[in-house]
Amino acid sequence: MILIPAIDLHEGNCVQLQRGELSSATKYASDAGELAKHWVDQGAERLHVVDLDGAFQGHSVNSKSVEKILTNVGDIPVQLGGGVRTLSNASYWLNQGISQVIIGTSAIESQGFLEEVADEYPNQVILGLDARGEFVSTRGWQMDTTVTVSKTLAEIAEYSLYAIVFTDIEQDGMLTGVNIEATISVLGRTTHSVIASGGVQDLTDVRQLHELSSNYPHLIGAISGTALYENRLNFKSAQNIFVS
């Protein structure tokens, strides 16, 4: 497993939200490129970048900040989500150097779209599976659907995905701990690699996830944002647990 720092972009700044609510945004940096370099210097092996404005508006908005990140990270893989809702947009970012694009809304709302992109770019697509309870949310988590997590996982079982990022929305940014039960449920329903997201608050969560990966080796990473930026979680200490 690896620990993956999150860089969430809003109006060019690096912020963190609580449960995806833009009104809760806390700014942590104004230069996304420098922040990305910081995490690379700390030993990050992958970065998770989200264009929050893109997620709300349905198209890439913070492109300049994403480009700064790509310039500063060298060969470190960057996965990008937020507003990737067309094949041309996915193609653009993959050609710019993004390692994997994260598709959430269009995977749920546009039948066949996720499969189309995965067929075109095998192992360069991540499903962003964002859920409140058993139901998936879309459009920057502002739209709750009647689509279930289990139905989604069954439908994408044969797709050539790099991974699934599973986010428990109610835990995200709240520093209240990972929803281990929900994460186990997802892991038990898919053979795709899974990256856990939402609620990581300290080394206790890191240890729980590391133990979980012993039984579910396709749990390949965990994303952390607020805990890292609030100094509740030390990146190097957490990563040492994952690689032990």
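With positions in the sequence shown counted from 1, the corresponding number in this note's numbering is that position plus 1034.
Quick reminder that beta carbons are idealized off the backbone N, C-alpha and C, glycines included.
Here the structure is a predicted model, which is why all the values come from computation and not from measurement.
How big is the Cα-Cα spacing for residue i and residue j?
i, j, result
"Asn1106", "Asp1075", "11 Å"
"Asp1236", "Glu1245", "15 Å"
"Gln1205", "Ala1216", "11 Å"
"Val1159", "Ala1197", "7 Å"
"Cys1048", "Val1183", "29 Å"
"Val1151", "Phe1276", "31 Å"
"Asp1042", "Asp1085", "6 Å"
"Gly1108", "Gly1222", "35 Å"
"Glu1045", "Ser1094", "12 Å"
"Gln1052", "Ser1125", "30 Å"
"Leu1121", "Ile1254", "26 Å"
"Lys1140", "Thr1201", "Here residue 1140 is Ser; the residue named in the question, Lys, does not match the sequence. Taking the straight line from one Cα to the other gives about 16 Å."
"Ala1040", "Ile1257", "6 Å"
"Met1035", "Lys1270", "13 Å"
"Val1234", "Glu1154", "33 Å"
Taking the alpha helix (DSSP H) that residue i falls in, what are its first and last residues?
i, result
"Leu1043", "Per DSSP, Leu1043 belongs to no alpha helix (DSSP H); it is in the beta strand (DSSP E), Ile1036 to His1044."
"Tyr1263", "Thr1260 to Tyr1263"
"Asn1106", "Ser1097 to Asn1106"
"Gln1235", "Per DSSP, Gln1235 belongs to no alpha helix (DSSP H) and is neither H nor E."
Go ahead and pull the three-state DSSP assignment for residue i.
i, result
"Val1084", "strand"
"Leu999", "Since the first and last residues shown for the chain are 1035 and 1278, residue 999 lies out of range."
"Gln1242", "helix"
"Gly1067", "helix"
"Ala1230", "strand"
"Ala1078", "coil"
I need the boundaries of the beta strand (DSSP E) containing residue i, first residue and last residue.
i, result
"Leu1051", "Asn1047 to Gln1052"
"Glu1055", "Glu1055 to Ala1063"
Suppose only complete runs of 3+ residues qualify. What are the beta strand (DSSP E) ranges in the stretch 1158-1227, listed by chain order? 1159-1166, 1169-1172, 1177-1182 and 1197-1202
In chain order, each beta strand (DSSP E) run of at least 3 residues that lies wholly inside the stretch 1111-1157: The qualifying runs are 1112-1115 and 1134-1137.
Is the stretch 1113-1124 in contact with the stretch 1044-1061, if contact means three or more CB pairs nearer than 8 Å? no
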